[in-house]
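Take 17 as the starting number for the sequence shown in my numbering and just add one per residue.
We put the beta carbon where it would ideally sit given N, CA and C, even for glycine.
The structure under discussion appears below in the form of structure tokens.
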Amino acid sequence: MAHKQFFTGEPAQIRPRKLVQGLVFDFDNTLARLNKPLDELMNMGAQTAVAYMRSTGMTDLPDEISEHLVEARIFAETKSDDEQEEHTADDTLSFLLQFVGYPASRMNEEVLRRAVDLFYAPEMTAWEPMPGAIDLLQQLRGEGFPLAVIANYASDRIFQRIIDYTGLRAYLDVCLSSAAVEWRKPEKEIYDAVLKRWNAEPYELVCVGDSLKHDVAGGQEIGALTVHCRMIPLAEDQRLVDSIKPDAVIEKLSELPSLIEKWC
Numbered sequence: 017m018a019h020k021q022f023f024t025g026e027p028a029q030i031r032p033r034k035l036v037q038g039l040v041f042d043f044d045n046t047l048a049r050l051n052k053p054l055d056e057l058m059n060m061g062a063q064t065a066v067a068y069m070r071s072t073g074m075t076d077l078p079d080e081i082s083e084h085l086v087e088a089r090i091f092a093e094t095k096s097d098d099e100q101e102e103h104t105a106d107d108t109l110s111f112l113l114q115f116v117g118y119p120a121s122r123m124n125e126e127v128l129r130r131a132v133d134l135f136y137a138p139e140m141t142a143w144e145p146m147p148g149a150i151d152l153l154q155q156l157r158g159e160g161f162p163l164a165v166i167a168n169y170a171s172d173r174i175f176q177r178i179i180d181y182t183g184l185r186a187y188l189d190v191c192l193s194s195a196a197v198e199w200r201k202p203e204k205e206i207y208d209a210v211l212k213r214w215n216a217e218p219y220e221l222v223c224v225g226d227s228l229k230h231d232v233a234g235g236q237e238i239g240a241l242t243v244h245c246r247m248i249p250l251a252e253d254q255r256l257v258d259s260i261k262p263d264a265v266i267e268k269l270s271e272l273p274s275l276i277e278k279w280c
């Protein structure tokens, strides 16, 4: 059989593909921080939310309902973390009201939704970019890297407003909260949307965050490179330092670009 010529001329030049195709950041204590204590913000928001609910006719709420609202949020966050499935802020308020004996038949969905927004409002406006965060995102975006934020957060609509308020959205291709997909980090399913959007393999991502349990372990779960940020250390990380080892550790965000350059 005659030899068939499958190729013509010189081989085409294949465009180099960087090892790092994109970066996935955590939000809190990685790209942004609170400028007031969280306890103070939650108590303030709870009082405002309860006052609003009473103004709509929910006058028979227990006197201690604002304290219960804060406690319910903390309990729901702990339960979500244990189960790796998000219990949303809207559901938490609804369950709390039923628990204290308020009839479900008298609950107005729009009123409860507004109450949740008011509960989180002081916190929403207390977030500010971490030092160097905007410069970092500008630099990475300018170098052609797609950037994402994936955060464990109990309300997606509030999380999206926070992203807008902090001015981060202009630099981000994906802004995803656990409330939108129900999965929480470190579950690998929460990364699927980013991988599909970027048509990337897991090992082509760099996951950056302050939590060994959520951010580093989550990145390792999918096979990504991982960077542990220690600008605001987490107490729970102390018991995990021997079992969860990131690929790199940084003390400030300005250290990240040189790492990415080395890995590329």
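- Residue 225 and residue 79 have their C-alpha atoms spaced approximately 39 Å apart.
- The residues 264, in chain order, have a CB closer than 6 Å to that of residue 275 in the same chain once the five nearest residues on each side in sequence are set aside.
- Every alpha helix (DSSP H) of 4 residues or more that sits fully in the segment 29-71 is shown, in chain order, as 54-71.
- Distance from the CA atom of residue 52 to the CA atom of residue 142, rounded to whole angstroms, is 7 Å.
- Under the three-state reduction of DSSP output, residue 188 falls in the coil class, being neither helix nor strand.
- Ranked by how close their Cα comes to the Cα of residue 84, the residues 115, 137, 75 and 96 have 115 in first place.
- Looking from the CA of residue 96, the closest CA among 150, 170 and 70 belongs to 170.
- For residue 247, the closest C-alpha among the options 267, 161 and 257 is that of 267.
- For residue 230, no beta strand (DSSP E) run applies, since DSSP gives it neither H nor E.
- The criterion of a C-beta distance shorter than 9 Å is satisfied by residue 221 and residue 39.
- With contact defined as three or more Cβ pairs closer than 8 Å, the segment 153-172 and the segment 96-105 are in contact.
- Listed in chain order, the non-local C-beta contacts of residue 88 below 7 Å within the same chain comprise 108 and 112, local neighbours out to five positions each way being set aside.
- Residue 191 and residue 42 have their alpha carbons spaced roughly 10 Å apart.
- Selection 86, 200 and 174 evaluated against residue 237 yields 200 as nearest (Cα-Cα).
- Contact between residue 126 and residue 61 is ruled out by a C-beta separation of about 18 Å, above the 8 Å threshold.
- If you ignore the 5 residues before and after residue 45, its C-beta comes within less than 6 Å of the C-beta of 226 and 248, all in its own chain and listed in chain order.
- Proximity of the segment 63-77 to the segment 149-157 falls short of the contact definition, fewer than three beta-carbon pairs being nearer than 8 Å.
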